[in-house]
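Novice:
Protein chains: 2
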Amino acid sequence: MNILKERILKEGKVLPGDIIKVDGFMNHRVDIKLMRELAKDIAAHFSGREITKVMTVEASGIPMATITADELGVPLVFAKKAKSDNIEGGLICSEIHSYTYNKKVTLMVSAEWLHPEDKILIVDDFMANGEAIRGLTEIVEKAGAELVGIGIAIEKGFQGGGDRLRARGIDVYSLAVIEHAEPGNIVFRN
Amino acid sequence: MNILKERILKEGKVLPGDIIKVDGFMNHRVDIKLMRELAKDIAAHFSGREITKVMTVEASGIPMATITADELGVPLVFAKKAKSDNIEGGLICSEIHSYTYNKKVTLMVSAEWLHPEDKILIVDDFMANGEAIRGLTEIVEKAGAELVGIGIAIEKGFQGGGDRLRARGIDVYSLAVIEHAEPGNIVFRN
Numbered sequence: 000m001n002i003l004k005e006r007i008l009k010e011g012k013v014l015p016g017d018i019i020k021v022d023g024f025m026n027h028r029v030d031i032k033l034m035r036e037l038a039k040d041i042a043a044h045f046s047g048r049e050i051t052k053v054m055t056v057e058a059s060g061i062p063m064a065t066i067t068a069d070e071l072g073v074p075l076v077f078a079k080k081a082k083s084d085n086i087e088g089g090l091i092c093s094e095i096h097s098y099t100y101n102k103k104v105t106l107m108v109s110a111e112w113l114h115p116e117d118k119i120l121i122v123d124d125f126m127a128n129g130e131a132i133r134g135l136t137e138i139v140e141k142a143g144a145e146l147v148g149i150g151i152a153i154e155k156g157f158q159g160g161g162d163r164l165r166a167r168g169i170d171v172y173s174l175a176v177i178e179h180a181e182p183g184n185i186v187f188r189n
Numbered sequence: 000m001n002i003l004k005e006r007i008l009k010e011g012k013v014l015p016g017d018i019i020k021v022d023g024f025m026n027h028r029v030d031i032k033l034m035r036e037l038a039k040d041i042a043a044h045f046s047g048r049e050i051t052k053v054m055t056v057e058a059s060g061i062p063m064a065t066i067t068a069d070e071l072g073v074p075l076v077f078a079k080k081a082k083s084d085n086i087e088g089g090l091i092c093s094e095i096h097s098y099t100y101n102k103k104v105t106l107m108v109s110a111e112w113l114h115p116e117d118k119i120l121i122v123d124d125f126m127a128n129g130e131a132i133r134g135l136t137e138i139v140e141k142a143g144a145e146l147v148g149i150g151i152a153i154e155k156g157f158q159g160g161g162d163r164l165r166a167r168g169i170d171v172y173s174l175a176v177i178e179h180a181e182p183g184n185i186v187f188r189n
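Here you go:
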């Protein structure tokens, strides 16, 4: 069992609505040393593949994506979720449904920072229904860039998002796939 | 002249509304190697001071804060900006005015991840009016923790936020303080 699964079993909490709370080490207080271990694991999985940029979406995936980009020695691009005055000009967008906030959200990346010659590794802390990640893959496609693969810390396997992406032939590498979660009983996919 | 000022002069753009656009290396596409240099500089400034956590606020400050936490070997805590279903229980909050979005925003940190024995270094990519940073200092105070200081990449000196915090006796260390900005003419404080 890897270090992430151990931490989930030790410190994770299951809340109503299939929420798996890991905010003590993953997405509120962030254990940077753990992020380094996860990044090394993701980098090892995709070793031998050329990667020019790591891509994620704000906000909670940024720490792990940052350390993964550091590990790979490439820049990070993070998609933004709402129109800010500080983004001008050509945007590549994808509309997704946010299950966290139960509304439509538009992800966007400036066309300045994503090019046809880019080879993109998408990294995020969580994947459930996979809508955010689907949106990122759409942005990569619209940019004409190559999607090398997807590295995820925690995948909620029972919500199907990861398997839908795998069915499209995408290399989705998740460090912990949770198949079943109730208080006191978290079961991982083998 | 340090490496950050050189990048600002080379790649930064001044937009109407005193916006200094550095999204090619700082807050959309992120040059992680530059973040490492900035983090080393901040860590050197605060060397000899005990720091138990780096703190920032989502979203654009997270990459630099992540690398600074990595450099210091401590965890990161990032304040959240809106109530999410994934945060439960006791929250420490501060209401600020967001000039970017021209509305009130509540910053919050779970009381689980900020303790009276913590010695906090606040890190962010930008400081203008300093409202976000003021909110973070208020959260540190409410938690009864110690504020060691504040490390900022780019301070818009002409908007006064940094100097108001310095007047309170806080060690605010900014790597580039911009005193004047118009297209083609960015002037730094000495």
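First to last, the sequence lines map onto chains A and B. Per numbering that gives the first Met the number 0, residue 0 is the first one in the first sequence, and the count goes up by one each step. Per numbering that gives the first Met the number 0, residue 0 is the first one in the second sequence, and the count goes up by one each step. Ideal Cβ positions, reconstructed from N, Cα and C, are used throughout, including at glycine.
(1) Going by DSSP, which residues form a beta bridge with residue 184(B)?
(2) For residue 157(B), go through chain A and note every residue whose CB falls closer than 7 Å to its CB, in chain order.
(3) Report yes if the C-beta distance between residue 110(B) and residue 142(B) is below 8 Å; otherwise report no.
(4) Residues of chain C with a CB under 9 Å from the CB of residue 116(B): which are they?
(5) Would you call the CB atoms of residue 121(B) and residue 136(B) closer than 8 Å?
(6) I'd like the list of long-range same chain contacts for residue 163(A), defined as Cβ closer than 7 Å, with 5 residues on each side in sequence excluded.
(7) Checking contacts by CB at 8 Å: is residue 185(A) closer than that to chain B?
(8) Using 8 Å as the limit for Cβ to Cβ distance, is residue 45(A) near chain B?
(9) With 8 Å set as the bound, which would you pick, yes or no: does the beta-carbon of residue 57(A) sit closer than that to a beta-carbon of chain B?
(10) Just to confirm, is the Cβ distance from residue 132(B) to residue 52(B) under 8 Å?
(11) With distance defined between alpha-carbon atoms, name the residue in 16(B), 10(B), 49(B) nearest to residue 100(B).
(12) Could you tell me the distance, in whole angstroms, from the CA atom of residue 26(A) to the CA atom of residue 170(A)?
(13) Tell me the start and end of each unbroken beta strand (DSSP E) in the stretch 34 to 103 of chain B that is at least 3 residues and wholly inside, in chain order.
(14) For residue 124(B), go through chain A and note every residue whose CB falls closer than 9 Å to its CB, in chain order.
(15) Could you please give me the residues that DSSP links to residue 107(A) through a beta bridge?
(16) Please classify residue 28(B) as buried or exposed, where buried requires at least 16 neighbouring CB atoms within 10 angstroms.
(17) For the alpha helix (DSSP H) containing residue 202(A), list its first residue and its last residue.
(18) Evaluate residue 154(A) with the Cβ neighbour count: other Cβ atoms within 10 Å of its Cβ, from every protein chain shown; 16 or more gives buried, anything less gives exposed.
(19) Kindly indicate the opening and closing residues of the alpha helix (DSSP H) around residue 164(B).
(20) Per DSSP, residue 171(B) is paired with what?
(21) Figure out for me which residue from 60(A), 176(A), 183(A), 74(A) has the closest Cα to the Cα of residue 3(A).
(22) Have a look at 57(B), 43(B), 58(B), 62(B) and flag the residue whose alpha-carbon is nearest the alpha-carbon of residue 34(B).
(23) Let me confirm a value: residue 9(A) is counted as buried when at least 16 other C-beta atoms fall within 10 Å, else exposed. Which label applies?
(24) Between residue 183(B) and residue 13(B), what straight-line distance do the alpha-carbon atoms span, to the nearest angstrom?
(25) Could you list which residues in chain B have their beta carbon closer than 8 Å to that of residue 29(A), in chain order?
(26) If we cut at 8 Å on Cβ distances, does residue 61(B) have a partner in chain A?
(27) Just the chain B side, please: which residues come within less than 8 Å of residue 143(A) by C-beta, in chain order?
(28) So with CB distances below 7 Å, who are the chain A contacts of residue 109(B)?
(29) Report yes if the C-beta distance between residue 71(A) and residue 50(A) is below 8 Å; otherwise report no.
(30) Using DSSP bridges, identify the partner residues of residue 126(A).
(31) Kindly identify the DSSP beta-bridge partner or partners of residue 6(B).
(32) With 16 other CB atoms within 10 Å as the buried threshold, where does residue 115(A) fall?
(33) Measure the C-alpha to C-alpha separation of residue 98(B) and residue 21(B) and round it to an integer number of angstroms.
(34) Compare the C-alpha of residue 67(A) against each of 46(A), 37(A), 48(A) and name the closest.
(35) Taking the alpha-carbon of residue 31(B) as reference, which of 188(A), 156(A), 127(A), 73(A) has the nearest alpha-carbon?
Specialist: This is what the structure holds:
(1) Secondary-structure assignment with DSSP links residue 184(B) through a beta bridge to 181(B).
(2) The premise fails here: residue 157(B) is roughly 17 Å from chain A at the closest Cβ pair, so nothing lies under 7 Å.
(3) In this structure, residue 142(B) lies closer than 8 Å to residue 110(B) by Cβ.
(4) Protein chains A and B are contained in the structure displayed, whereas chain C is not.
(5) Yes, these two residues count as a Cβ contact at 8 Å.
(6) Cβ-Cβ distances below 7 Å link residue 163(A) to 129 in the same chain, with the five nearest sequence neighbours on each side left out; the list follows chain order.
(7) Chain B, which has no Cβ nearer than 8 Å to the Cβ of residue 185(A), makes this no.
(8) Using a Cβ-Cβ cut-off of 8 Å, residue 45(A) does not count as an interface residue toward chain B, since no Cβ of chain B sits closer than that to its own.
(9) Closer than 8 Å: yes.
(10) Against a cut-off of 8 Å, the Cβ pair of residue 52(B) and residue 132(B) comes out as no contact.
(11) The candidate whose alpha carbon is nearest that of residue 100(B) is 16(B).
(12) Residue 26(A) and residue 170(A): Cα-Cα distance of roughly 24 Å.
(13) At a cut-off of 3 residues, the continuous stretches assigned as beta strand (DSSP E) that sit fully inside the stretch 34 to 103 of chain B are 52 to 56, 75 to 78, 90 to 97.
(14) When 9 Å is used as the limit between beta carbons, residue 124(B) is near no residue of chain A, the shortest such separation being about 11 Å.
(15) In the DSSP output, where bridge partners are listed per residue, residue 107(A) has 79(A), 92(A).
(16) Per the 10 Å Cβ criterion, buried.
(17) Here chain A covers residues 0 to 189 and nothing more, so residue 202(A) does not appear.
(18) A buried status is given to residue 154(A), since no fewer than 16 other beta-carbon atoms sit within 10 Å of its beta-carbon.
(19) Per DSSP, residue 164(B) is one residue of the alpha helix (DSSP H) stretching across 160 to 166.
(20) By DSSP's assignment, residue 171(B) forms a beta bridge with 149(B).
(21) Nearest Cα to residue 3(A) within the set 60(A), 176(A), 183(A), 74(A): 176(A).
(22) Nearest option by C-alpha distance: 62(B).
(23) With fewer than 16 other Cβ atoms inside 10 Å of its own Cβ, residue 9(A) counts as exposed.
(24) Rounded to the nearest whole angstrom, the C-alpha separation of residue 183(B) and residue 13(B) is 8 Å.
(25) Ordered by position in chain B, the residues that pass the 8 Å Cβ test against residue 29(A) are 65, 68, 74, 75, 76, 77.
(26) Under the Cβ criterion of 8 Å, residue 61(B) is counted among the residues facing chain A.
(27) Near residue 143(A) there are no residues of chain B at all, since even the closest Cβ is about 17 Å away, more than 8 Å.
(28) Ordered by position in chain A, the residues that pass the 7 Å Cβ test against residue 109(B) are 22, 27.
(29) Contact check for residue 71(A) against residue 50(A) passes: the beta carbons are separated by less than 8 Å.
(30) Beta-bridge pairing links residue 126(A) to 154(A).
(31) Per DSSP, none; premise fails for residue 6(B).
(32) Around the C-beta of residue 115(A), fewer than 16 other C-beta atoms lie within 10 Å, and the residue is accordingly described as exposed.
(33) The straight-line gap separating the alpha-carbon atoms of residue 98(B) and residue 21(B) is approximately 18 Å.
(34) Ranking 46(A), 37(A), 48(A) by CA distance to the CA of residue 67(A) puts 37(A) first.
(35) That would be 73(A), whose Cα lies nearest to the Cα of residue 31(B).
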